[in-house]
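Numbering (this note's numbering), first residue to last: 307 to 430.
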(Lines of atoms letter the chains of each structure in order from A and count residues from 1; the text may use other names and numbers.)
(Lines give C-alpha, C1' and ligand atoms only; values in the text may rest on other atoms or scores of the structure.)
Protein backbone atom coordinates (compact mmCIF):
# COMPACT_ATOMS: atom_id res chain seq x y z
CA UNK A 1 0.00 0.00 0.00
CA UNK A 2 2.88 2.36 0.79
CA UNK A 3 4.47 1.73 -2.63
CA UNK A 4 1.21 2.57 -4.43
CA UNK A 5 0.95 5.87 -2.55
CA UNK A 6 4.56 6.70 -3.43
CA UNK A 7 3.93 5.89 -7.10
CA UNK A 8 0.84 8.11 -7.19
CA UNK A 9 2.76 10.93 -5.50
CA UNK A 10 5.66 10.61 -7.99
CA UNK A 11 3.21 10.56 -10.92
CA UNK A 12 1.51 13.70 -9.59
CA UNK A 13 4.84 15.52 -9.31
CA UNK A 14 5.72 14.46 -12.88
CA UNK A 15 2.38 15.79 -14.21
CA UNK A 16 2.92 19.12 -12.44
CA UNK A 17 6.44 19.47 -13.85
CA UNK A 18 5.39 18.64 -17.41
CA UNK A 19 2.37 20.97 -17.33
CA UNK A 20 4.40 23.97 -16.12
CA UNK A 21 7.53 23.68 -18.25
CA UNK A 22 8.12 25.50 -21.55
CA UNK A 23 8.68 23.37 -24.63
CA UNK A 24 10.87 24.46 -27.57
CA UNK A 25 8.88 25.95 -30.45
CA UNK A 26 8.68 24.17 -33.77
CA UNK A 27 9.17 26.14 -36.99
CA UNK A 28 5.49 25.99 -37.98
CA UNK A 29 4.39 27.00 -34.47
CA UNK A 30 6.66 30.05 -34.31
CA UNK A 31 5.40 32.10 -37.26
CA UNK A 32 2.04 33.85 -37.41
CA UNK A 33 -0.01 36.55 -35.69
CA UNK A 34 0.35 37.45 -32.04
CA UNK A 35 -2.04 39.82 -30.25
CA UNK A 36 -1.04 42.04 -27.33
CA UNK A 37 -2.91 41.14 -24.11
CA UNK A 38 -3.00 42.67 -20.62
CA UNK A 39 -1.60 45.93 -22.00
CA UNK A 40 -3.91 48.04 -19.79
CA UNK A 41 -1.74 47.39 -16.71
CA UNK A 42 0.31 50.32 -15.39
CA UNK A 43 3.15 51.23 -17.72
CA UNK A 44 6.28 49.46 -16.56
CA UNK A 45 8.53 49.71 -19.58
CA UNK A 46 8.55 51.96 -22.62
CA UNK A 47 9.66 49.23 -25.05
CA UNK A 48 6.38 47.31 -24.63
CA UNK A 49 3.10 48.45 -26.22
CA UNK A 50 0.42 49.62 -23.78
CA UNK A 51 -2.25 49.75 -26.47
CA UNK A 52 -3.88 47.14 -28.73
CA UNK A 53 -1.29 45.73 -31.11
CA UNK A 54 -0.79 42.79 -33.44
CA UNK A 55 2.68 41.42 -34.14
CA UNK A 56 3.12 39.31 -37.28
CA UNK A 57 6.21 37.09 -37.54
CA UNK A 58 6.95 36.03 -41.11
CA UNK A 59 8.92 32.90 -42.03
CA UNK A 60 11.55 34.96 -43.89
CA UNK A 61 12.65 36.58 -40.61
CA UNK A 62 10.89 39.93 -40.76
CA UNK A 63 7.98 41.21 -38.68
CA UNK A 64 5.30 43.90 -38.76
CA UNK A 65 3.54 45.64 -35.90
CA UNK A 66 1.71 48.93 -35.38
CA UNK A 67 3.84 49.65 -32.29
CA UNK A 68 7.28 48.44 -33.48
CA UNK A 69 6.76 49.10 -37.19
CA UNK A 70 8.66 46.86 -39.58
CA UNK A 71 11.87 45.07 -38.72
CA UNK A 72 13.52 41.69 -38.49
CA UNK A 73 13.88 39.15 -35.71
CA UNK A 74 16.29 36.49 -34.52
CA UNK A 75 15.18 33.36 -32.69
CA UNK A 76 17.30 31.15 -30.45
CA UNK A 77 15.36 27.93 -29.98
CA UNK A 78 17.31 26.07 -27.32
CA UNK A 79 16.28 25.17 -23.76
CA UNK A 80 14.52 28.55 -23.52
CA UNK A 81 13.25 29.94 -26.82
CA UNK A 82 14.37 33.57 -27.09
CA UNK A 83 13.45 36.24 -29.63
CA UNK A 84 15.11 39.56 -30.45
CA UNK A 85 13.08 42.10 -32.40
CA UNK A 86 15.22 44.61 -34.32
CA UNK A 87 13.39 47.79 -35.29
CA UNK A 88 13.81 51.57 -35.58
CA UNK A 89 12.65 53.98 -32.87
CA UNK A 90 13.09 57.75 -33.26
CA UNK A 91 15.35 57.14 -36.27
CA UNK A 92 17.72 54.99 -34.16
CA UNK A 93 18.27 51.25 -34.14
CA UNK A 94 16.49 49.55 -31.25
CA UNK A 95 15.82 46.00 -30.13
CA UNK A 96 13.66 44.04 -27.73
CA UNK A 97 15.22 40.90 -26.27
CA UNK A 98 12.65 38.59 -24.67
CA UNK A 99 11.50 34.97 -24.65
CA UNK A 100 8.65 32.66 -25.60
CA UNK A 101 6.39 30.72 -23.28
CA UNK A 102 5.15 27.48 -24.84
CA UNK A 103 3.40 25.47 -22.15
CA UNK A 104 1.41 22.30 -22.67
CA UNK A 105 -2.25 23.00 -23.58
CA UNK A 106 -1.59 26.77 -24.02
CA UNK A 107 -1.00 28.90 -27.09
CA UNK A 108 2.56 30.18 -27.59
CA UNK A 109 3.26 33.59 -26.05
CA UNK A 110 5.96 36.23 -26.38
CA UNK A 111 6.57 37.55 -22.87
CA UNK A 112 6.76 41.33 -22.42
CA UNK A 113 6.36 41.42 -18.63
CA UNK A 114 5.93 38.07 -16.88
CA UNK A 115 4.93 39.58 -13.52
CA UNK A 116 1.93 41.39 -15.02
CA UNK A 117 1.16 38.69 -17.60
CA UNK A 118 1.72 41.27 -20.35
CA UNK A 119 2.25 39.10 -23.44
CA UNK A 120 1.71 38.68 -27.13
CA UNK A 121 -0.50 35.58 -27.49
CA UNK A 122 -0.51 33.66 -30.77
CA UNK A 123 -3.86 33.77 -32.54
CA UNK A 124 -3.00 32.39 -35.98
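Every residue gets a Cβ at the ideal spot worked out from N, C-alpha and C, and that includes glycine. No experiment lies behind these values; they were computed from the predicted model shown.
Per DSSP, reduced to three states, the secondary structure at residue 372 is coil, with no helix or strand assignment. Using a Cβ distance threshold of 7 Å, residue 341 and residue 360 count as a contacting pair.
For residue 331, there is no enclosing alpha helix (DSSP H), as DSSP gives it neither H nor E. Per DSSP, reduced to three states, the secondary structure at residue 322 is helical.
With 16 or more other Cβ atoms inside 10 Å of its own Cβ, residue 408 counts as buried. By the C-beta criterion, the region 393-401 is judged not to be in contact with the region 412-421, since fewer than 3 inter-stretch pairs fall below 8 Å.
Taking a cut-off of 8 Å on C-beta distances, the region 329-337 does not touch the region 348-356, as fewer than three cross pairs fall below it.
The continuous beta strand (DSSP E) containing residue 388 extends over residues 387-395.
Check the Cα spacing between residue 322 and each of 368, 425, 344 and 410: the tightest is with 410. Less than 7 Å divides the Cβ of residue 425 from the Cβ of residue 343. Inter-residue distance for residue 319 and residue 311 is about 12 Å (C-alpha atoms, whole angstroms).
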